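Residue numbers (this note's numbering), protein chains in the order written: chain R, 16 to 232; chain C, 443 to 793; chain L, 3 to 823. Note that CB positions come from ideal geometry on N, CA and C, so glycine has one too. As the structure is a prediction and not an experimental result, all values here were calculated from the model.
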Amino acid sequence: MLCVKNLMKAYASPQGRVDVLKGVSFDMASGEAVAMMGESGSGKSTLLHVIAGLDAIDAGSIDIDGDRVHALDDAGRALLRRHKVSLIFQQFNLITSMTVEENLVFEAKLAGRHDPDWAKELVDRLDLGTVLDRYPEQLSGGQQQRVAIGRSFASKPRLVLADEPTGNLDEDNSDTVVDIAFDLVARTGAGFLMATHSRRLAERADRLLRLRGGVLV
Amino acid sequence: MSTKILLAAASAFLLITSSAFAQGFAGLGGSAKDFATVVPNKPIVLPDDFAPHPDFRIEWWYVTANLKAEDGTELGLQWTLFRQATKPGISLQGWSSSEFWMGHAAVTTSTQHLHAEKLARGGTGQAGATAEPTSAWIDDWQFASDGAEGHYLLSAAATDFSYALQLTQKGPAVRHGQNGYSVKSDAGQASYYFSLPFLDVEGTVSIGGQTFKVAGDAWLDREWSSQPLADNQRGWDWFSLKFDTGARLMVFGLRDETGGVYRSGSWITPEGILEPLDRSDIALTPLSSYQIEDRRIPTHWRVQVRSKEVDLEVTALNPNSWMNTSIPYWEGPVATIGSHSARGYLEMTGY
Amino acid sequence: MTQQAPPLLVDVFAFLTHWRRHKLQFITLVVGLASATALWTAVQALNTHARASYDRSAATLQAFDRTSLVAHDRTPISEQVFADLRRSGIPVIPLVEGRLGPPGAGVRLVGIDPLSYGRLGGASVAVPQGTNMLAFLEPPGLLFAEAETAARLSSLLETVDVANRPVIEIRTTLATGQALGDIAVVQRLLGLEGNLSRLLLPDEYDISGLKLPVPWQELLEVTEPPVRVDLDGLTDSFHLNLTAFGLLCFLVGLFIVYSAIGLAVEDRLHALRTLRICGVSRQKLLVMMIMEMAGIATVAGLVGVAGGYAIAALLLPDVAASLRGLYGAQVAGSLQLDVSWWLGGVAISILGALGAAIGAFVKISNMALLESRNVAAWRSKQAKTVLFQSIFGIFFALLALFLHWFGSGLTSAFVQMASILLGAAFLLPGLLLLVLTVGKTAARGPLPQWFWADSRQQLPGLSLALMALLLALGANIGVSGMVEGFRHTFDAFLEERLSADLYVLTSSNQEAGRTIAWATQNPDITAVLPIWDATATAEGRPVNVVGFTDHTSYRDTWTLLENTEDPWTDTTKKNGVLINEQLHYRAGLSVGETLTIVSETGPLVRKVAGIYSDYGNPRSEVRLANSILETYWPSGERRRLALHARADISEITAQLTEEVGIPADRTINQSGLKAFSRAVFEKTFAVSAALNTLTLGVAGIAMITSLLTLAGARLTGVAPLWAMGVRRRTITYLEGLKILLLALFTSLAAIPLGIAISWCLVAVINVEAFGWRLPLHLFPDQWMTLVILGLATALIASLYPLWRLWRTPPADLSKVFAHEH
């Protein structure tokens, strides 16, 4: 489903050009939960960002179910994110001005794929029934991430990219969040690529990728 | 407020004389360029010379009188009209003229000295003088012939005093110096100068609402020049005395910066014959002074004319006779004791 | 915490580095303070300057406004009179006066003889201290004038040959439009050689003893100086208007400052906490903050004063023209900068800044040293803030109502208007919140829902800017409404009042008589209506008395506000009087009540038969029959005439010049008069218009600063959307739309506010200030214009922030989500 070949990405910085990705290649299949580990600054976030089309690459190719991400223009990439790829971040995932319920269905509605039954299922699975009319600021960190996951999967994306989703959570919450994510992966058949620091969490994934010095080792 | 007016009026007249203080008292020592000069051997013609002389820079009509009221109160009285020009020649009509007139009037008793001042521009008719009919006036103050030969009316009015007098000429006019050519300094400054020293007076004087009938005698001075003083002359002391014998004496001393005094005078017989007096003949000695504000003014003099055996102590009736006018000076009635008994007037400037 | 406190300078430096990073905030702060100070200073400058002019005017007038002797027919008197009167013992002071140059650009010359003041006082008022008297008196002479008049005079004298041209010296003690010189000089310049205008009598002179010498008895008469209306009192209302505007601008400016400070504080909290932790005491921190604010305020204040001076200088010609047209007050046309302005401007800037910063100071004083990772509970905070604001709003609204029922006087009227404005401002956030909530509820679809929800969340940050916009627009609509309504009413009023075809001002009563005789003979003239004037006092205040003759033109065209059944007959035949609206308000007189008028010959008691509107007249006025005027005011002016004609007006004017000897510039036809009157009002309201625009500008600045300061926080709000596949472009459009929508609602809310202001102005303030009421007119197209203006302001204000958002590189957006936050 996802095919990445020879990704090269560099940033301009005050110190000069910094090569972050120096030829990353890998594949991913649907329903696969992949964990990616690497040092801070190794390019994990960058890799996720370019796959999602948030940023452009300098060289290489990214293929998601036939969509050549690297060749898309800004509009195309936005559409990609709307319909095919969903992102979960460490923080600031949610729209603070809207309720939990509204957040949950937001992405799905954007994509035009709102399924009320599926949404209800997600609510139950994520145990968010009691907080539906609350606002993100009123939720705990763990609850917020669960909402983020719910929102992601509610739109039935092909690929879910998660950048340190448990970075701000304690161990118990982290486990819960990741469990739910894997469960939903299995149920929906979406691909799941997660960047993480935690070896413990990484080992629960189907596959482990290691990023060092801009390449996968 | 009054100081401001004073300053304003003072600056008005002072600057009109267009000279700095260095040029003699009241600028009378200032340069007389363009104006006619006083020369000897130019006879004085009466009554013509009573009229103003536009070619000359400054002149005056000066009446002083010694009077007695019914109740015996002694009074002195002054009526003066000054004319000053900034340009020679007949003055233009209206306010464009270059002539300025100033009138001073005063009444002095032993206890009071009241005075007033009037200012006028030439050319408007507000002030002036004519020869025929003989007349000199400023506003409603006047000295004028009443029609009859030798008869004049003298009047002035101010807020606190007024007078209306009839003057009768009892003797001829006299010309001072050499036929009217009166020298004032070694450098030769001179003026044309004649007097009517024989005037009988009768009339009324009002002071503060009260009116007195008065009688006495008066003296009229008429003088004109373009530069009567040398520029180093600071002021003068001038005496006019009417002796009980009927004679008249006029003496003056012009003081200069160095302390020197130019003395001169005229002795007039009761018949009206004038003898000019030589300076060596005259001695003027101040005896005691009176303090008026920050000035010391000698109000007690010794006047001597050797050739006439005159040796008098002259005392002011009221030592406070200070004329607080635009150009201030001292003028007041005096009486004498000594060789002769006389009454008269004393004028002191430049103190 | 046992660290050594770092040395002072390091603290201060660290403290001040905030501005280096946040240059925009700094600029905002300075601009806000500077504009507030500028507008305030401008108004104060205009007011002070005008008042100083009145004082000079009054002083100069005193010197010459005395009991005088004049010719019966007010023509020049032969010089000879001076000597004649003086010689008869009357200490008259001669005076020559006249106008040099064309009307409107001329100078009133006054010629005096300084020597004639003698010991009686007055010369030192007339002739300034330190004058070189010789130069004054000797040809060509001196002319004294203040600076602006001197310039005018200079060009007028160019035609005089140099030998005869007086030297102009500047004296600040003279009133504008007047020049003083020696009598001979002025006679020459005015062509009055050999003549005098009048003779003044000294104050102490007892007129009862006056006996004029024989030829002059027939020719001269005594006039008393005219009743001088106190210019200060009269123009008070005008100046109060200006001050109110100034205050409004200042407050709006302070809004900006307040928001800038608030946002700066939010940014700085972290840095300030660090300083505290490093050992800077609370007091020291507070002192540093106060000093910093004072320092910025000083700089801003100086900039503001300079700006204020420039604004005042720009507005001064219009202000001067209005004052001249409305009150006859002469105001010098150029401003002088004063040290006290600088000091005052800086002082008010500092006070304003410190006042606006009090909240921030308190917050910083009390801040906890340890930062808690407490994400702002925006909803409850918003709810609380809006609640407080709404309470304030209701309070002010109630205050306005209270004052309306129980208040009186101009101050109360202004407070009323201020309360309306403040009430509306404070109620706005609540109103907008309501609208946005409704919008969100009604929205369908994710993006619309987000749009409304996010707008609601943004509201607190934009509240102040929107309040400023509301105030500016409301004031704009209010004043424009009043001005436009006034224009309409005034036009109709002029049509009515100026029903005659030609108005003639003769130079003397005799000339008027001759003109009437001529006009009666002239077949082209259908009516000659004399209009006679006098001054009197009634009910303890000065009034103008105008006499008229009954005619259909009055009966048909005049509308009276209140009247008896037949007010015209009542007035002309039955001893009634008509009073103007001003007198009605000021003395509380209504139709049917009696009033006592003190005339020259004694009091007369009359019944009010009608009240007429008298727009633009600052004075109270009484109209009665000419016959009454003649009887009771024998020395009244009988010089004005109104002519109704059949023929062409220019023909009649020409006939008047040829046959009666009245020059064309003493006649004015209806259209000329209307144009003139309109011009005066345009000028007056030009000032208001200018201030309005400035207020709108200040509101625009408030918007920009709010938006820019919010811009940083926006990223965290929009980043999720971007991540979810909404394009930056779309996001930018939505942001722009959001601002426009908020501005639109605010602008629409400004309409009822504007109407309320308009009403307050015409029905309350105008009445208190001027004594006459205007009807309330509504102008929907004006509203539309101003709504568009409001939107435009918002759009312009948001252009830069939106552009920045558009161009945000993806990296910046990604950073939002980064780990190391």
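**OP:** Work out the CA separation of Gly-677(C) and Ile-500(C) for me, nearest whole Å.
**Re:** Taking the straight line joining both Cα atoms gives about 16 Å.
**OP:** Indicate whether at least one CB of chain L lies closer than 8 Å to the CB of Ala-90(R).
**Re:** yes
Subject >> N- and C-terminal bounds of the beta strand (DSSP E) containing Glu-805(C) >> reply: Since the first residue of chain C shown is 443 and the last is 793, residue 805(C) is not available in this structure.
Original post:
Buried or exposed: where does Ala-464(C) fall if 16 or more other Cβ atoms within 10 Å of its Cβ makes it buried?
Top reply: Per-residue confidence for Ala-464(C) stands at a pLDDT of 41, beneath the threshold of 50, marking its modelled position as unreliable; the derived number appears in the next sentence. Its Cβ having fewer than 16 others within 10 Å, Ala-464(C) is exposed.
Original post:
Where Gln-74(L) and Glu-223(L) are concerned, what is the direct C-alpha to C-alpha distance, given to the nearest angstrom?
Top reply: According to the sequence displayed, residue 74(L) carries His and not Gln. Put simply, the backbone Cα of His-74(L) is about 6 Å away from that of Glu-223(L).
**OP:** Confirm, please, whether the CB-CB distance from Gln-520(C) to Gly-565(C) is below 8 Å.
**Re:** no
Original post:
Can you tell me the Cα-Cα spacing of Ala-196(R) and Ile-110(R), whole angstroms?
Top reply: 20 Å
Original post:
Which ranges does the alpha helix (DSSP H) cover as unbroken runs of at least 4 residues, wholly within the stretch 164-193 of chain L, from first to last along the chain?
Top reply: 185-192
Original post:
Within 10 angstroms of its Cβ, does Ile-715(C) collect 16 or more other Cβ (buried), or is it exposed?
Top reply: exposed
Subject >> Range covered by the beta strand (DSSP E) that runs through Lys-20(R) >> reply: 17-28
**OP:** Excluding the 5 residues preceding and the 5 following Arg-375(L) in the sequence, name in chain order all residues of the same chain whose CB lies nearer than 7 Å to its CB.
**Re:** Its pLDDT being 44, under 50, Arg-375(L) is placed unreliably by the model, and nothing is read from it.
Original post:
Hey, is Val-549(C) close to the ligand ADP, as in C-beta under 7 Å from one of its heavy atoms?
Top reply: Summarising the ligand content, the structure contains no ligands, and the ligand ADP is consequently not present.
Original post:
From Glu-486(L) to Ser-615(L), what does the alpha carbon distance come to, in whole angstroms?
Top reply: C-alpha separation (whole angstroms): 18 Å.
**OP:** Could you spell out where the beta strand (DSSP E) holding Pro-718(C) opens and where it closes?
**Re:** 716-719
Original post:
For Val-348(L), does the count of other Cβ atoms within 10 angstroms reach 16, so buried, or fall short, so exposed?
Top reply: buried
**OP:** Could you tell me whether the Cβ atoms of Ser-552(C) and Glu-516(C) are closer together than 8 Å?
**Re:** For Ser-552(C) and Glu-516(C), yes; Cβs fall inside 8 Å.
Original post:
For Leu-400(L), is the classification buried or exposed, using 16 other Cβ atoms within 10 angstroms of its Cβ as the cut-off for buried?
Top reply: exposed
Subject >> Burial state of Gln-459(L) (16 or more Cβ within 10 Å) >> reply: buried
Original post:
If you follow the alpha helix (DSSP H) that Val-818(L) is part of, which residue opens it and which one closes it?
Top reply: 812-819
Original post:
Below 8 Å between beta carbons: does that hold for Ser-708(C) and Arg-664(C)?
Top reply: no
**OP:** Give a yes or no on whether the C-beta atoms belonging to Tyr-617(L) and Phe-453(L) are separated by under 8 Å.
**Re:** no
Original post:
Hey, is the stretch 548-565 of chain L in contact with the stretch 529-540 of chain L, meaning 3+ C-beta pairs nearer than 8 Å?
Top reply: Under the Cβ criterion (8 Å, minimum of three pairs), the stretch 548-565 of chain L counts as touching the stretch 529-540 of chain L.
**OP:** Could you pull out every unbroken beta strand (DSSP E) segment of at least 3 residues lying fully inside the stretch 25-72 of chain R, listed in chain order?
**Re:** 31-43 and 48-53
Original post:
Could you check where the beta strand (DSSP E) with Trp-537(C) kicks off and where it finishes?
Top reply: Note, Trp-537(C): premise wrong, no beta strand (DSSP E); not H, not E.
Subject >> Supposed close pair Leu-438(L), Ser-457(L) - CB separation, criterion 8 Å >> reply: 5 Å
Subject >> Ser-76(R) - containing beta strand (DSSP E), residue span >> reply: Per DSSP, Ser-76(R) belongs to the beta strand (DSSP E) from 74-79.
**OP:** Could you tell me whether any Cβ in chain C is nearer than 8 Å to the Cβ of Phe-397(L)?
**Re:** no
Subject >> Anticipated Cβ contact below 8 Å, Arg-227(R) with Gly-53(R), distance rounded >> reply: Sure, about 6 Å apart at Cβ, within 8 Å.
Subject >> Partners in chain R for Ser-816(L), counting only beta-carbon separations shorter than 8 Å >> reply: Ser-60, His-64, Leu-69 and Asp-70
Original post:
At a Cβ threshold of 8 Å, is Thr-4(L) touching chain R?
Top reply: Model confidence at Thr-4(L) stands at a pLDDT of 49, short of 50, so the residue's coordinates are unreliable; what they give is reported in the following sentence. Answer no: the Cβ-Cβ gap between Thr-4(L) and chain R never drops below 8 Å.
Subject >> Exposed unless 16 or more other CB atoms sit within 10 angstroms - verdict on Asn-118(R) >> reply: buried
**OP:** Go to Arg-516(L), then tell me how far its alpha helix (DSSP H) extends in each direction, as first and last residue.
**Re:** 511-523
Subject >> Closer than 8 Å to chain L by CB, Thr-181(R) >> reply: So, not an interface residue.
Original post:
Got a sec, what are the start and stop residues for the alpha helix (DSSP H) Arg-557(L) sits in?
Top reply: 554-559
Subject >> Under 7 Å (Cβ pairs) to chain L, residues found in the stretch 109-121 of chain R >> reply: Leu-109, Ile-110, Thr-111, Ser-112, Met-113, Glu-117 and Phe-121
Original post:
Once you ignore the five residues that flank Asp-80(R) on each side, which residues in its own chain have a CB closer than 6 Å to its CB?
Top reply: Met-16 and Arg-173
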